[in-house]
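Note that full-length UniProt numbering numbers the sequence shown so that position 16 is 16, with each residue one more than the last. Even glycine gets a Cβ: it sits at the ideal position worked out from N, Cα and C.
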Amino acid sequence: MDTRDWAKARRDRTRHLIELGGLVQKAGLVELTGDDRAAMLGAFLDLAGMLKTERPNTPSRAEVLAHWRRQGRAAFEADEATTTTNDAEER
Numbered sequence: 001m002d003t004r005d006w007a008k009a010r011r012d013r014t015r016h017l018i019e020l021g022g023l024v025q026k027a028g029l030v031e032l033t034g035d036d037r038a039a040m041l042g043a044f045l046d047l048a049g050m051l052k053t054e055r056p057n058t059p060s061r062a063e064v065l066a067h068w069r070r071q072g073r074a075a076f077e078a079d080e081a082t083t084t085t086n087d088a089e090e091r
């Protein structure tokens, strides 16, 4: 990998990590945990555990992901509607 490829890969990774951090912020986890990073990591580890392990009498991995995806899309749509409304009011 030459220097340009390495630099592009690094920029792409940095952008991805910043976007993930934005999701943490958007979900309100920073405020809800008092910016306790150990607590947030613990929560993420619990989420990962839910996806790794199928347990009796619990939703399947696919059901959990579908539920989270619906919630996430609804939040994005609500945020977009709020942003659009606020932009229109500022004009």
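Assuming residue i contacts residue j under a Cβ cut-off of 8 Å, what Cβ separation, rounded to an integer in Å, is found between them?
i: Arg61; j: Leu45; result: About 16 Å; that fails the 8 Å criterion.
i: Thr33; j: Ala27; result: About 11 Å; that fails the 8 Å criterion.
What residues in its chain sit with their C-beta under 7 Å from that of residue i, if we drop five residues either side in the sequence?
i: Val30; result: Val24
*asked:* Could you tell me which whole alpha helix (DSSP H) segments of length 4 or greater appear in the region 20-61?
replied: Runs of the alpha helix (DSSP H) lying entirely within the region 20-61 and spanning at least 4 residues, in chain order: 29-32 and 37-52.
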